[in-house]
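Q: Please read through the structure below; I'll follow up with questions.
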Amino acid sequence: MAIVRVALDARSYDIVIEEGALDRAGSHLASHARKGRLVVVTDAHVAAAQLPRLEASLRAANVAVEPIILPPGEQTKSWRHLEGLLDDLLALEIERGDHVVALGGGVIGDLTGFAASILKRGCHFIQVPTTLLAQVDSSVGGKTAINAKAGKNLIGSFYQPALVLIDSSTLDSLPLRETRAGYAEVVKYGLIDDPDFFAWCEREGQKLLAGDPQAREYAIERSVRAKAAIVADDERETSGRRALLNLGHTFGHALEADTGFSDTLLHGEGVAAGMALAFRYSARLGLCPTDEAERVTAHLKAVGLPHDLASAHVQADGAALVAHMLHDKKMAAGTLPFLLARGIGQTFLSKDVALTDVAAFLDDDRAAVEA
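Okay, here's the thing in structure tokens:
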């Protein structure tokens, strides 16, 4: 078992990483169960695969479970499901001192965290992420949100969990596509500022995707430690360091918007294509060596992740994709900061990118791939 501390003064919390932790959840969560019960928010897929394990462990610790089961998929991060979840929590008489457990992937974690942040002006919540993407990224750091018609994660809050409990064995029940999508966020940490970790991904990434326990545990812990350090340094993206975690997301969110935030393109798949585009755009600008941009694309392609517009199933032209970017929540004074790179492990934030140039790049990149 590994424990990583997110150091945020009064908002500090632990991330517990332990294979089989779900079967020992009672020992981790019983102290958070006021009145001997915990409300668990999950989706139908996770309820079938993982909820019985959690319930059995909590019952053994004399903790009753009140499950709230929502539909799976990105469409659940909506006003309608937020309202329904809040009504359900109120009907269960959740108090500000209670802890709500989010059992699932990024959708459930984001939605439950946002609901907890606004219910009675804030109650506690616990993240129990069951996908690789949620375990290495979205469950850590306190970003909570729902989607809007204008774009992804535009309505939300910074609200830290009380605990994150990660059990890598939950990945055994996931389709390979879902694990691949989460793996994109693992690669991201190497591309940001850790070239040795990216090299590890090139060597060992296929083992992780094949379910090798040691590779999974190593990647999860290293990713979590990297994110915890960044969050502790810049909780609300005020200094700019936390913004580095958005590598690939500006492009990726535009691709997701074009595909309707649907199963056509999973979030991690959009991030993968977005990272490849960010590196190729950096090479076009003369910032990044072309061979390093090609390494990024080659690795993502080798593990079966989208790496360009075609493999992301995106039909829109550059102008249409840039129009989606105008709704990005990072827009400031009419300018959209971009994460670019001087090489693998050398990501930086640029605030002087011309969106017309981005549109032209996207059209040229598509043409080059199709040639």
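Taking my numbering, the leading residue of the sequence shown gets 279, the next gets one more, and so forth. A virtual CB, placed ideally from N, CA and C, is assigned to each residue, including glycine. Note that the coordinates shown come from a computational prediction; the quantities given were computed from them, not determined experimentally.
1. Determine whether the beta carbon atoms of VAL379 and VAL418 lie at a separation below 8 angstroms.
2. Looking only at C-alpha atoms, which of ALA632, GLN624 and ARG562 sits nearest to ALA646?
3. Once the 5 residues before and after TRP357 are set aside, which same chain residues still bring their CB inside 7 angstroms of it?
4. Taking 8 angstroms as the threshold (C-beta atoms), are PHE529 and GLY623 in contact?
5. Can you look up ILE508 in the DSSP assignment and give me helix, strand or coil?
6. Whole angstroms are fine: how far does the CA of VAL502 sit from the CA of ALA440?
7. In the DSSP assignment, what residue or residues form a beta bridge with GLU344?
8. What's the gap between the Cα of LEU614 and the Cα of GLY468?
9. State the Cα-Cα distance for the pair GLY555 and GLU534, rounded to the nearest angstrom.
10. So, using beta-carbon positions, are PHE392 and GLY420 closer together than 8 angstroms?
11. Quick check: what's the CA-CA separation for ASP536 versus HIS323?
12. Taking the straight line between their C-alpha atoms, what separation do you get for LEU578 and ALA325?
13. Which residue spans inside the region 375–457 form an unbroken beta strand (DSSP E) run of at least 3?
14. Does the count of Cβ pairs from the region 283–302 and the region 439–457 closer than 8 angstroms reach three?
15. What residue from VAL600, GLU361, THR320 and ALA649 has the CA that sits closest to GLY351's CA?
16. According to the neighbour-count rule (16 or more other Cβ atoms, all chains shown, within 10 Å of its Cβ), is GLN593 buried or exposed?
17. Looking at VAL549: is its Cβ nearer than 8 angstroms to the Cβ of LYS466?
18. Reducing DSSP to helix, strand and coil, say where THR634 ends up.
19. Going by DSSP, what residue range makes up the alpha helix (DSSP H) through ASP366?
20. Where does VAL549 fall in DSSP's three states?
21. Of the residues THR354, ALA590, GLY429 and ALA426, which one's Cα is nearest the Cα of GLY387?
22. Flag this pair as touching only if the region 398–412 and the region 366–377 have three or more C-beta atom pairs under 8 angstroms; answer yes or no.
23. Measure how close the beta-carbons of ALA342 and GLY314 come, nearest whole angstrom, since I'm counting them as under 8 angstroms.
24. Taking the alpha carbon of ALA619 as the point to measure from, which residue in PRO473, LEU348 and HIS591 has its own alpha carbon closest?
25. Would you identify the three-state DSSP class for ILE498, choosing helix, strand or coil?
26. Take ALA521 and list the residues in its own chain whose beta-carbon comes closer than 6 angstroms to its own, dropping the five residues that flank it on each side.
27. What would DSSP say about PHE626, mapped onto helix, strand or coil?
28. Can you tell me whether PHE616 is helix, strand or coil according to DSSP?
29. So what does DSSP say about ARG283, is it helix, strand or coil?
30. My output table needs one value for VAL294: the three-state DSSP class, helix, strand or coil.
31. Could you round the C-beta distance between TYR496 and VAL581 to whole angstroms and report it? I think they count as a contact, below 8 angstroms.
32. Around the Cβ of MET609, are there at least 16 other Cβ atoms within 10 angstroms (buried) or fewer (exposed)?
33. ALA590: buried (16+ other C-beta within 10 angstroms of its C-beta) or exposed?
34. Should MET279 go down as buried or exposed, given a rule of 16 or more other Cβ atoms within 10 Å for buried?
35. Quick check on this structure: which residue in ALA638, ALA303, TRP478 and ILE347 has the alpha carbon closest to the alpha carbon of VAL318?
36. Just checking my contact of LYS398 with HIS531 at CB under 8 angstroms: how many whole Å lie between their CB atoms?
A: According to the structure data:
1. With a cutoff of 8 angstroms on beta-carbon distance, VAL379 and VAL418 are scored as not near each other.
2. Of the candidates ALA632, GLN624 and ARG562, the one whose C-alpha sits nearest the C-alpha of ALA646 is ARG562.
3. Same-chain partners within the cutoff: ILE424.
4. Their beta carbons are not under 8 angstroms apart, which means GLY623 does not touch PHE529 by this criterion.
5. Shown here, ILE508 sits in a helix according to DSSP, grouped into three states.
6. Our two residues, ALA440 and VAL502, have alpha carbons roughly 16 angstroms apart in a direct line.
7. Answer by DSSP bridge pairing, in chain order: VAL317.
8. Between LEU614 and GLY468, the C-alpha separation is close to 24 angstroms.
9. Going by the sequence as given, residue 555 is Leu instead of Gly. One C-alpha to the other measures close to 14 angstroms.
10. Cβ distance not < 8 angstroms, so PHE392 and GLY420 don't count as in contact.
11. When the Cα atoms are used, ASP536 and HIS323 turn out to be separated by approximately 26 angstroms.
12. In this structure, the alpha-carbon of LEU578 lies about 31 angstroms from that of ALA325.
13. If you keep only unbroken beta strand (DSSP E) runs of at least 3 residues inside the region 375–457, you get 377–382, 402–407, 421–426, 429–436 and 441–444.
14. Yes, they touch.
15. Out of VAL600, GLU361, THR320 and ALA649, THR320 has the C-alpha closest to the C-alpha of GLY351.
16. With fewer than 16 other Cβ atoms within 10 Å, it is exposed.
17. Result yes, Cβ atoms of VAL549 and LYS466 sit closer than 8 angstroms.
18. Annotated three-state conformation of THR634 is helix, per DSSP.
19. Here the alpha helix (DSSP H) through ASP366 covers 357–369.
20. In the three-state scheme derived from DSSP, where H, G and I count as helix and E and B as strand, VAL549 is classed as helix.
21. Selected option, being the one with the closest Cα: THR354.
22. Segments in contact, yes.
23. ALA342 to GLY314, Cβ: 6 angstroms. Contact.
24. By alpha-carbon distance to ALA619, the top candidate from PRO473, LEU348 and HIS591 is PRO473.
25. Shown here, ILE498 sits in a helix according to DSSP, grouped into three states.
26. Hits under 6 angstroms: GLU515 and LEU627.
27. It is a strand residue.
28. Strand, per DSSP.
29. Strand, per DSSP.
30. Assignment of VAL294 by DSSP, reduced to helix, strand and coil, places it in the strand class.
31. Not quite, the Cβ-Cβ distance comes to about 16 angstroms (not below 8 angstroms), so this is no contact.
32. Its Cβ having fewer than 16 others within 10 Å, MET609 is exposed.
33. Answer is buried; the Cβ neighbour count reaches 16.
34. So MET279 counts as exposed.
35. If we check each option's Cα against that of VAL318, ILE347 comes out closest.
36. In fact, because the Cβ distance is near 31 angstroms, the residues do not count as touching under 8 angstroms.
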